[in-house]
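Trainee:
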Amino acid sequence: MTVKAVAMRAVRVLLVLLALGFCAYSLISRWDETVRAFQQMSWATLLGAFAAGLAGLFSWMVAWRALLGGLGSPLPLGVAFRINAVSQLGKYVPGKVWALVTQVEMGRAYQVPRLRNFSSVLLAVATTCACGLAVASVTLPLTSQAARDRYWWLFLLAPLLLGALHPRIVTWFLNTALRLVRRPPLEHAVGLGVTLRAVAWTMLAWALFGVHTWLLCAAVGGEGAGLPFAATGAYALAFVTGFLVFIAPSGLGAREAALVLVLSSWLPAGAPIVVAIASRVLLTLADLVNAGAALLTARSPGGAGAPGADRPGLRPRGAGRGNAARDDRLVPGTPSSKE
């Protein structure tokens, strides 16, 4: 193993440890509020909301995997899960770049070029935000006057962002960005089929996060036929709002403020903040469970991160002999490329 490889591995470990520290702080700093929030809900509600959130995170991961495969680096599901689950801890560090940095560097261990991985993450984020705003713009104008009054300008972005996901626009944008940094254009343009699959998985994720939020709302006194739609739109809007606040780790504060504002017309006084706190804690635990599962399977024989797992011939960079695992080598079955 070269000095550079050792250094990069140390940086990845440091980033994960730093993320775990911030993650633990976010839980401990609101411990009393969390206990009070959880005391108002049954274990069945909390487990159901946790499971829905876990499934939503998995759906997001599959959407990103589809986009990365469309760009020319298909990964086995287990490997994609490991990379995504561990890297997502970076979102708890202030600033939005750490999750991206970790994901790109972990992808290099499986012969995914940095620029290709970066492009896939950029597309995944754009798809998530565009679909989230589309969900919010469909559900909230009919269910929340407060959302219409305060976030109307975000709703206007939904059709523009959805239109920008068209493969021709995406390819032009990414190739233009690559040309500006003096890099070659994309080897593989994302096709319409891949884009539609990613959008479908992302929409499924928003539906699952809607179930997550609705269960918590119902547990604190929310009712009415429109509550599931309001809960889904509220979470989608809150997530996008939190994402736009660059400094806050994982949208901390901004997401809760948007969630409370939208849910105030549906829940008893004081209940929206209970939902916001419970949601934050459950989804943080879901991220930790995902990362823990990814690390455990990586260490087990034949696990998701083990050499050759899930697909014959796919190995982390450095596994194997001689120069068979150069930095520019891609997943078997795809053209080789140097960044």
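Take the sequence shown: its letters are residues -2 to 336, numbered as in our numbering. Where is the CB? At the ideal position from N, CA and C, for every residue including glycine.
Going straight from the alpha carbon of G218 to that of L224, what length do you get?
Mentor: When rounded, the distance between both Cα atoms is 11 Å.
Trainee: Please give me, in chain order, every unbroken run of the alpha helix (DSSP H) with length at least 4 that falls completely inside the segment 249 to 299.
Mentor: Here the runs fully enclosed are 251 to 260 and 268 to 296.
Trainee: Measure the Cβ-Cβ separation of Q85 and A96 and say whether it is below 7 Å.
Mentor: Their beta carbons are under 7 Å apart, which means Q85 touches A96 by this criterion.
Trainee: Around the C-beta of W28, are 16 or more other C-beta atoms found within 10 angstroms, so that it is buried, or is it exposed?
Mentor: Per the 10 Å Cβ criterion, exposed.
Trainee: In this structure, how does DSSP classify A204 when only helix, strand and coil are distinguished?
Mentor: If DSSP states are grouped into helix, strand and coil, A204 belongs with the helices.
Trainee: Since A60 and W198 are thought to touch, with beta carbons under 8 Å apart, how far apart are those beta carbons, to the nearest angstrom?
Mentor: Indeed they touch by this definition, with Cβ atoms about 4 Å apart.
Trainee: Which ranges would you report for the beta strand (DSSP E) in the segment 30 to 110 if only whole runs of at least 3 residues count?
Mentor: Those beta strand (DSSP E) runs which fall completely within the segment 30 to 110 and span 3+ residues do not exist here.
Trainee: Please state whether the Cβ-Cβ distance between V109 and S70 is less than 7 Å.
Mentor: Result yes, Cβ atoms of V109 and S70 sit closer than 7 Å.
Trainee: If you pair each beta-carbon of the segment 179 to 197 with each one of the segment 149 to 166, do three or more pairs fall below 8 Å?
Mentor: Touching, yes.
Trainee: Please report the residue range of the alpha helix (DSSP H) in which V167 lies.
Mentor: Note, V167: alpha helix (DSSP H), P164 to L177.
Trainee: Just verifying my parser: in three-state terms, what is the DSSP assignment at V132?
Mentor: Helix.
Trainee: Anyone know if the C-beta pair for T136 and F55 falls short of 7 Å?
Mentor: In this structure, F55 does not lie closer than 7 Å to T136 by Cβ.
Trainee: From T229 to Q142, what does the alpha carbon distance come to, in whole angstroms?
Mentor: One C-alpha to the other measures close to 16 Å.
Trainee: Three-state secondary structure (DSSP) at G221?
Mentor: In this structure, G221 counts as coil in the three-state DSSP scheme.
Trainee: Can you name, in chain order, every residue of its own chain whose Cβ lies under 8 Å from the Cβ of I274, other than the five neighbours on each side?
Mentor: Cβ neighbours of I274 beyond the five flanking positions: R27, E30, T31, A34 and E253.
Trainee: With a threshold of 16 other CB atoms inside 10 Å of the CB of A255, please say whether the residue is buried or exposed.
Mentor: Under this definition A255 is a buried residue.
Trainee: Measuring only the C-alpha atoms, how far is V259 from L279?
Mentor: Rounded to the nearest angstrom, the two C-alpha atoms are 20 Å apart.
Trainee: According to the neighbour-count rule (16 or more other Cβ atoms, all chains shown, within 10 Å of its Cβ), is Q100 buried or exposed?
Mentor: Buried, since its Cβ has 16 or more Cβ neighbours within 10 Å.
Trainee: Give a yes or no on contact between the segment 149 to 159 and the segment 122 to 129, applying the rule of three or more CB pairs nearer than 8 Å.
Mentor: As far as the Cβ criterion goes, the segment 149 to 159 touches the segment 122 to 129, which means the pair count is three or higher.
Trainee: Would you decide whether P269 is buried or exposed? Buried here means 16 or more other CB atoms lie within 10 Å of its CB.
Mentor: By the neighbour-count rule (16 or more Cβ atoms within 10 Å), P269 is buried.
Trainee: So the candidates are A215, L64, V286 and V257; which of them puts its Cα closest to the Cα of A41?
Mentor: Nearest of A215, L64, V286 and V257 to A41, Cα basis: A215.
Trainee: In its own chain, which residues sit with a C-beta less than 7 Å from the C-beta of S134, not counting the 5 before and 5 after it?
Mentor: The answer, listed in chain order, is F152 and A155.
Trainee: Suppose you measure from the CA of A49 to the CA of F206; what does that come to, to the nearest Å?
Mentor: Rounded to whole angstroms, A49 to F206 spans 6 Å at the Cα level.
Trainee: Candidates V94, G87, R79 and G18: which alpha carbon is nearest G104's?
Mentor: G104 has its Cα closest to that of R79, out of V94, G87, R79 and G18.
Trainee: Would L171 and S261 be called neighbours here (beta carbons separated by less than 7 Å)?
Mentor: No, Cβ-Cβ distance for L171 and S261 is not below 7 Å.
Trainee: Considering only residues of the same chain and omitting the five flanking positions on each side of A283, which have a CB-CB separation below 8 Å?
Mentor: Correct list, in chain order: F47, G50, L51 and L54.
Trainee: Pick from V122, L72 and E220: whose alpha carbon is nearest that of A106?
Mentor: Of the listed residues, the one whose Cα sits closest to A106 is L72.
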